[in-house]
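Enquirer: I'd like to ask some things about the structure below.
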Amino acid sequence: MGKVMAVNISVKRGTQKVNVHTVKLIENYGLENDAHAGNWHRQVSLLSYEKIEEFKAKGAPVKDGAFGENLIVQGFDFKTLPVGTHLKCNDVILEITQIGKQCHNGCEIFKIMGDCIMPREGVFARVIKGGMISEGDEMVYA
Numbered sequence: 000m001g002k003v004m005a006v007n008i009s010v011k012r013g014t015q016k017v018n019v020h021t022v023k024l025i026e027n028y029g030l031e032n033d034a035h036a037g038n039w040h041r042q043v044s045l046l047s048y049e050k051i052e053e054f055k056a057k058g059a060p061v062k063d064g065a066f067g068e069n070l071i072v073q074g075f076d077f078k079t080l081p082v083g084t085h086l087k088c089n090d091v092i093l094e095i096t097q098i099g100k101q102c103h104n105g106c107e108i109f110k111i112m113g114d115c116i117m118p119r120e121g122v123f124a125r126v127i128k129g130g131m132i133s134e135g136d137e138m139v140y141a
């Protein structure tokens with residue numbers, strides 16, 4: 000069981016995601032008004048709250064959305080979940096489609112820290128069933 004700690008979107012690609020606290024997830028699309036939403040396998044990005052906190056403890060000056068993550072969730076080690084895992088939050092059902100990613104060139108976090116956790120800790124999902132997600136909501140295996 001996990002708890003949603005932040006809900007982040009960016010309205011334009013290439014810009015920092017910001018915490019909007021509540022968002023509508025649209026089936027087979029992603030987060031409403033998020034620039035990375037669309038009909039593909041990386042509709043939603045998730046990152047573990049605990050992994051972000053560990054990275055911050057090393058001196059990383061990061062805020063919610065700094066890694067490009069849509070949902071920050073406490074209580075899950077996402078990279079250990081197999082592709083195909085279903086997660087439920089309220090009415091929303093997500094399916095993990097990808098674990099990790101290649102970091103793009105010029106990542107600001109990597110420039111500052113010499114490391115970035117999103118490539119190895121972040122996961123991506125598609126929206127099987129839409130609905131609303133807010134900070135504080137519970138996330139469970141579906």
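Per numbering that gives the first Met the number 0: the sequence shown ends with 141, consecutive numbering throughout. The beta carbon of each residue, even a glycine, is placed where N, CA and C say it ideally should be.
Measure from the alpha carbon of Glu114 to the alpha carbon of each residue in Val61, Asp33, Val19, then state which is nearest.
Expert: Looking at the sequence itself, residue 114 is Asp, so the reference to Glu does not match. Among Val61, Asp33, Val19, the Cα nearest to that of Asp114 belongs to Val61.
Enquirer: Which residue's Cα is closest to the Cα of Glu94: Ile111, Glu68, Phe123, Val72?
Expert: For Glu94, the nearest C-alpha among the options comes from Phe123.
Enquirer: Using three-state DSSP, classify Ile51 as helix, strand or coil.
Expert: Reduced to three states, the DSSP call for Ile51 is helix.
Enquirer: Do the stretch 75-86 and the stretch 43-54 make contact, defined as three or more Cβ pairs closer than 8 Å?
Expert: With the cut-off at 8 Å, the stretch 75-86 and the stretch 43-54 touch.
Enquirer: Does the beta-carbon of Asp63 have 16 or more other beta-carbons within 10 angstroms, so that it is buried, or is it exposed?
Expert: Buried, since its Cβ has 16 or more Cβ neighbours within 10 Å.
Enquirer: Can you check whether the CB of Met131 is closer than 7 Å to the CB of Lys23?
Expert: Yes.
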